[in-house]
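The next block holds one structure in the form of structure tokens; read it before the comments.
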Amino acid sequence: MTTGAQTPTYPARPRRSRLRTFLPLGIAAWLVLEIWLLTMVAGASSGLVVLLVLVAGFILGSVVIKRAGRRAFRKLSEALQQQQSGVMPAAARPNSEGNGLMMLGGLLLMIPGLVSDAVGLLLLLPPVQKAVSRSAERTFERKLREADPGTLGGAFQQARMHRPDGKVVQGEVIRDEPGGTPQGPRPPLTH
Numbered sequence: 049m050t051t052g053a054q055t056p057t058y059p060a061r062p063r064r065s066r067l068r069t070f071l072p073l074g075i076a077a078w079l080v081l082e083i084w085l086l087t088m089v090a091g092a093s094s095g096l097v098v099l100l101v102l103v104a105g106f107i108l109g110s111v112v113i114k115r116a117g118r119r120a121f122r123k124l125s126e127a128l129q130q131q132q133s134g135v136m137p138a139a140a141r142p143n144s145e146g147n148g149l150m151m152l153g154g155l156l157l158m159i160p161g162l163v164s165d166a167v168g169l170l171l172l173l174p175p176v177q178k179a180v181s182r183s184a185e186r187t188f189e190r191k192l193r194e195a196d197p198g199t200l201g202g203a204f205q206q207a208r209m210h211r212p213d214g215k216v217v218q219g220e221v222i223r224d225e226p227g228g229t230p231q232g233p234r235p236p237l238t239h
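Position in the sequence shown (first residue = 1) + 48 = this note's numbering.
As structure tokens, this is what we get:
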């Protein structure tokens with residue numbers, strides 16, 4: 049028995065981005081490469097050598113992260129002291145690099161594997177940090193130029209309103225005001 053109501057149709061699924069398609073494949077290939085390299089090194093020398101390399105990478109990575117964290121905390125405390133004393137903190141020097149890439153290098157050193165250790169060691173070199181930082185800055189600025197104008201809150205509002213299954217229920221908040229003064233009718237809510 050039919051009621052005559054139409055079956056809801058849903059819009060076509062949006063196309064997956066390249067990042068969502070290739071990121072899992074890249075991670076899987078990286079893991080296979082890391083395991084293969086570790087087995088090759090273990091076959092050429094011994095399992096003890098591989099264990100020592102992995103432990104040394106972990107210790108070096110933790111030292112690097114600790115050092116970068118201390119440096120970041122020291123810069124933050126200096127900036128707060130300058131601000132409390134009434135002096136405006138000096139603007140960041142154009143050639144000064146943050147501690148983010150150093151922390152990322154330390155994290156890659158802590159992850160077991162030879163490829164991640166090599167990339168982590170490269171990220172500890174100042175010329176590589178400057179090149180990666182410039183590239184990331186150019187990419188970020190290009191993405192900002194390509195973005196549609198508007199606020200971040202507006203982007204979230206648009207995403208919520210355009211969801212195919214998202215329902216928006218209009219309502220009104222009524223507060224009980226002390227004093228018992230009745231308020232007149234309120235205008236209806238609109239988008």
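The beta carbon of each residue, even a glycine, is placed where N, CA and C say it ideally should be.
Query raised in the report: How do the region 82–100 and the region 121–135 stand: do at least 3 beta-carbon pairs fall below 8 Å, yes or no?
Result: With a cut-off of 8 Å on Cβ pairs, the region 82–100 is not in contact with the region 121–135, counting fewer than three such pairs.
Requested in this report: Would you kindly work out how many angstroms separate the C-alpha atoms of residue 82 and residue 70, rounded to a whole number?
Outcome: Spanning the two alpha carbons is a distance of roughly 18 Å.
Report task. Give the range of the alpha helix (DSSP H) segment to which residue 195 is assigned. Result -> Residue 195 -> no alpha helix (DSSP H), and no H or E assigned at all.
Query raised in the report: Should the region 144–164 be called in touch with the region 102–122, which here means at least 3 C-beta pairs below 8 Å?
Result: The way I'd put it, the region 144–164 does touch the region 102–122; three or more beta-carbon pairs between them come closer than 8 Å.
Query - As assigned by DSSP and simplified to three states, the class of residue 208 - result: Its pLDDT being 48, under 50, residue 208 is placed unreliably in this model, and the coordinates cannot settle the point.
Query raised in the report: Using the C-alpha atoms, what's the distance from residue 135 back to residue 119?
Result: One alpha carbon belongs to residue 119, the other to residue 135, and they sit about 21 Å apart.
Report task. Work out the CA separation of residue 147 and residue 174 for me, nearest whole Å. Result -> One C-alpha to the other measures close to 11 Å.
Query raised in the report: If you draw a straight line from the alpha carbon of residue 85 to that of residue 132, how long is it in whole angstroms?
Result: So the alpha carbons of these two residues sit roughly 53 Å apart.
Query raised in the report: Between the beta-carbon of residue 172 and the beta-carbon of residue 150, is there less than 8 Å?
Result: Taking 8 Å as the Cβ cut-off, residue 172 and residue 150 qualify as a contacting pair.
Query raised in the report: What is the C-beta distance between residue 104 and residue 98, in whole angstroms, given that I count them as a contact (C-beta under 8 Å)?
Result: Not confirmed; about 11 Å, so no contact.
Query raised in the report: If we count the other Cβ atoms within 10 Å of its Cβ and call it buried at 16 or more, is residue 164 buried or exposed?
Result: Result: buried.
Query raised in the report: If residue 168 sits next to residue 109, beta carbons under 8 Å apart, how far is it from one beta carbon to the other, in whole angstroms?
Result: The distance from the Cβ of residue 168 to that of residue 109 is about 7 Å, consistent with a contact at the 8 Å cut-off.
Requested in this report: Counting only the same chain and skipping the five closest in sequence on each side, list residues whose C-beta sits under 8 Å from that of residue 117.
Outcome: Cβ within range, chain order: 147, 151.
Query - Where residue 63 sits in the DSSP three-state scheme - result: Coil.
Query raised in the report: Going by beta carbon distance, what residues of the same chain come within less than 8 Å of residue 101, once the five residues before and after it are set aside?
Result: Close CB contacts of residue 101 within its chain, under the 8 Å cut and outside five residues either way in sequence, are with 89, 162, 165 (chain order).
Query raised in the report: Between which two residues does the alpha helix (DSSP H) carrying residue 98 extend?
Result: Where residue 98 is concerned, the enclosing alpha helix (DSSP H) stretches over 95–132.
**Report entry** Whole-angstrom distance between residue 67 and residue 182, CA atom to CA atom
**Finding:** Residue 182 and residue 67 have their C-alpha atoms roughly 22 Å apart.
Requested in this report: Please state whether DSSP places residue 167 in a helix, a strand or coil.
Outcome: Helix at residue 167.
Query raised in the report: residue 161 by DSSP, collapsed to three states: which one?
Result: In the structure shown, residue 161 sits in coil (DSSP, three-state: anything other than H, G, I, E or B).
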